[in-house]
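Below is one structure; the comments refer to it alone.
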């Protein structure tokens, strides 16, 4: 047992898992129209930490574990992803990874809170580095409204959303998933982050039930994210007409691997193999 | 940031990752001849926690993430594992998993500290449930001495050791690995836990360098362990003559899967696919 005067970022889950990171100081703290935004300095190789409503969104040191996996798995399962929609993702990490693909012609980022983007630009240069890309359009709007009239628009949609227990609650509904489905072109793919499979077990089951009502193809892949409680994260690959691993653009995958710390072709093929206790998420 | 009077088990690594588990009370605390042994009650589904010298060894709630992976990957890569040596592993979880294989004729557990075994028997019935198996022989001895005269004895050796920074230091040497190699029969396999690849990066590199001097075949596999810092763990598959995945006993694998929460054949085949930043551990 430890006991000292150190400042910590701590996060606990109902299942008992928690993470704890020593914090040197709070660099920034603000209440936006939507949420509390904080930037903490970890004083370790994790670097600066972005939190929204006291929940960690990203650390400079290991954000790539999350951003590479949410982006490259669907993008390389599509032969030519040109039009991309990102919902949430105001820190910029998902935008950055999407622009590693030379097929991309237009990226729409629909983020409700402009202060998240502003904070990332100020404190997180490695995350926000593509915010000035001329192919990027940022729309500050509630995604629930934004998606309603979008039909047959996108090759890939990425739901880089906050937790269902926080600001993101309206983004975890069957109606929303059906609207996202209808926004996809034929051959389109949606991937959504689907939380920690060891922390929010009941919420994940409900989420997958809704996803399966909206999409005929729903498949789970997982990877490690060291700074999230439980160290383990899941994403749902969803489509009307594309099976996961039915196609991988191996030439582009090779190029992407050169730019990545996590992604490679073997890891891509392996990430759908789930431990037995997650069988029901298959 | 959180700040309250709750009691925590916390563990931090040089890389900044830490875990934190709320603790209801300390159930047991004793200094054995070798180390401090504690049992904590987590008051969550993680159940009771065993710590040695203030480092977590296992929680009742998620110990199977570790024990299934250290045991079944090598055991199913061997056509008929009869004689098994476990070094360390005094909590009993590795013993329990080994006895799931109906090929096993004799298991030797070489554990230096009899108080670890006694503590597990008293507080961890789900871990210690095979300690009375008549095919098990427990030897309370320093494994460095024990292994020296063992030649051509074992089909599978499992190094279920403490950290190289603690009591286990002498078990992370080239001489020790060479003695373990010589204790294997032809076709034999050694697996050692090889720490968190995101926490002890330098120590792991040194460890793999020594392993490669002792064994002609060294290959890394990984899996998630939610309660270890970083949530991610690596094991080294080592042999003189057996390649990983060159053989899997699929019939036995099917039987083992029925008794497991993590292990299944797909997960087995996928666990050697490493994220790019671990390429050097291949």
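Residue numbers (the numbering used here), protein chains in the order written: chain A, 9 to 290; chain B, 9 to 290. Idealized CB from N, CA, C, for every residue including glycine.
What's the gap between the Cα of residue i and the Cα of residue j?
{"i": "residue 289(A)", "j": "residue 54(B)", "result": "22 Å"}
{"i": "residue 220(B)", "j": "residue 201(B)", "result": "15 Å"}
{"i": "residue 76(A)", "j": "residue 268(A)", "result": "7 Å"}
{"i": "residue 277(B)", "j": "residue 253(B)", "result": "7 Å"}
{"i": "residue 97(B)", "j": "residue 72(A)", "result": "34 Å"}
{"i": "residue 210(B)", "j": "residue 270(B)", "result": "29 Å"}
{"i": "residue 217(B)", "j": "residue 256(A)", "result": "34 Å"}
{"i": "residue 181(B)", "j": "residue 194(A)", "result": "57 Å"}
{"i": "residue 79(A)", "j": "residue 107(A)", "result": "10 Å"}
{"i": "residue 17(B)", "j": "residue 26(B)", "result": "10 Å"}
{"i": "residue 280(B)", "j": "residue 35(A)", "result": "40 Å"}
{"i": "residue 287(B)", "j": "residue 183(A)", "result": "43 Å"}
{"i": "residue 227(A)", "j": "residue 245(A)", "result": "5 Å"}
{"i": "residue 282(A)", "j": "residue 241(A)", "result": "11 Å"}
{"i": "residue 224(A)", "j": "residue 250(A)", "result": "9 Å"}
{"i": "residue 103(B)", "j": "residue 101(A)", "result": "44 Å"}
{"i": "residue 238(A)", "j": "residue 238(B)", "result": "8 Å"}
{"i": "residue 178(B)", "j": "residue 150(B)", "result": "10 Å"}
{"i": "residue 32(A)", "j": "residue 260(A)", "result": "41 Å"}
{"i": "residue 24(B)", "j": "residue 46(A)", "result": "19 Å"}
{"i": "residue 74(B)", "j": "residue 139(B)", "result": "19 Å"}
{"i": "residue 50(A)", "j": "residue 59(A)", "result": "12 Å"}
{"i": "residue 199(A)", "j": "residue 126(B)", "result": "49 Å"}
{"i": "residue 136(A)", "j": "residue 86(B)", "result": "50 Å"}
{"i": "residue 95(A)", "j": "residue 130(B)", "result": "52 Å"}
{"i": "residue 229(A)", "j": "residue 229(B)", "result": "18 Å"}
{"i": "residue 258(A)", "j": "residue 90(A)", "result": "17 Å"}
Exposed or buried, residue i, counting other C-beta atoms within 10 Å across all chains shown (16 or more means buried)?
{"i": "residue 132(B)", "result": "buried"}
{"i": "residue 266(A)", "result": "exposed"}
{"i": "residue 272(B)", "result": "buried"}
{"i": "residue 11(B)", "result": "For residue 11(B), the predicted structure reports a pLDDT of 44, less than 50, and the residue's modelled location is therefore unreliable. A value from the coordinates is still provided. By the 10 Å Cβ count, residue 11(B) comes out exposed."}
{"i": "residue 88(A)", "result": "exposed"}
{"i": "residue 14(B)", "result": "exposed"}
{"i": "residue 160(B)", "result": "exposed"}
{"i": "residue 147(A)", "result": "exposed"}
{"i": "residue 165(A)", "result": "buried"}
{"i": "residue 99(B)", "result": "buried"}
{"i": "residue 9(B)", "result": "Note that residue 9(B) scores 34 on pLDDT, short of 50, meaning its location in the model is unreliable and no value can be drawn from it."}
{"i": "residue 28(A)", "result": "buried"}
{"i": "residue 128(A)", "result": "buried"}
{"i": "residue 105(B)", "result": "buried"}
{"i": "residue 22(A)", "result": "exposed"}
{"i": "residue 113(A)", "result": "exposed"}
{"i": "residue 206(B)", "result": "buried"}
{"i": "residue 163(B)", "result": "buried"}
{"i": "residue 70(A)", "result": "buried"}
{"i": "residue 171(A)", "result": "buried"}
{"i": "residue 19(A)", "result": "buried"}
{"i": "residue 41(B)", "result": "exposed"}
{"i": "residue 153(A)", "result": "exposed"}
{"i": "residue 203(A)", "result": "buried"}
Our contact map puts residue i next to residue j with C-beta atoms below 8 Å; I'd like the distance itself, whole angstroms only.
{"i": "residue 57(B)", "j": "residue 48(B)", "result": "4 Å"}
{"i": "residue 123(B)", "j": "residue 38(B)", "result": "7 Å"}
{"i": "residue 67(B)", "j": "residue 235(B)", "result": "5 Å"}
{"i": "residue 232(A)", "j": "residue 232(B)", "result": "6 Å"}
From the options, pick the residue whose C-alpha is nearest to that of residue i; which is it?
{"i": "residue 142(A)", "options": "32(A), 115(A), 149(A)", "result": "115(A)"}
{"i": "residue 81(B)", "options": "264(B), 249(B), 282(B)", "result": "264(B)"}
{"i": "residue 117(A)", "options": "155(A), 279(A), 39(A)", "result": "155(A)"}
{"i": "residue 158(A)", "options": "186(A), 258(A), 35(A)", "result": "186(A)"}
{"i": "residue 92(B)", "options": "150(B), 258(B), 231(B), 197(B)", "result": "197(B)"}
{"i": "residue 248(A)", "options": "191(A), 283(A), 111(A)", "result": "191(A)"}
{"i": "residue 61(B)", "options": "213(B), 215(B), 121(B)", "result": "121(B)"}
{"i": "residue 2(A)", "options": "135(A), 111(A), 168(A)", "result": "Here chain A has residues from 9 to 290 only, and residue 2(A) is not among them."}
{"i": "residue 44(B)", "options": "208(B), 230(B), 145(B), 175(B)", "result": "175(B)"}
{"i": "residue 84(B)", "options": "95(B), 68(B), 110(B)", "result": "110(B)"}
{"i": "residue 188(B)", "options": "222(B), 275(B), 90(B)", "result": "222(B)"}
(message) Just to confirm the assignment: which complete alpha helix (DSSP H) runs, minimum length 4, are found wholly within the stretch 89-127 of chain A?
(response) 101-106
(request) Run through the stretch 229-262 of chain A for me and flag every whole alpha helix (DSSP H) of 4 or more residues, listed as ranges in chain order. (result) none
(request) Note down, one range per segment and in chain order, each beta strand (DSSP E) of at least 3 residues found wholly within the stretch 15-90 of chain A. (result) 15-20, 26-31, 33-39, 44-49, 56-60, 63-67
(request) Kindly provide the ranges of any alpha helix (DSSP H) runs that are 4 or more residues long and lie completely inside the stretch 132-201 of chain A, ordered along the chain. (result) 151-154, 182-191
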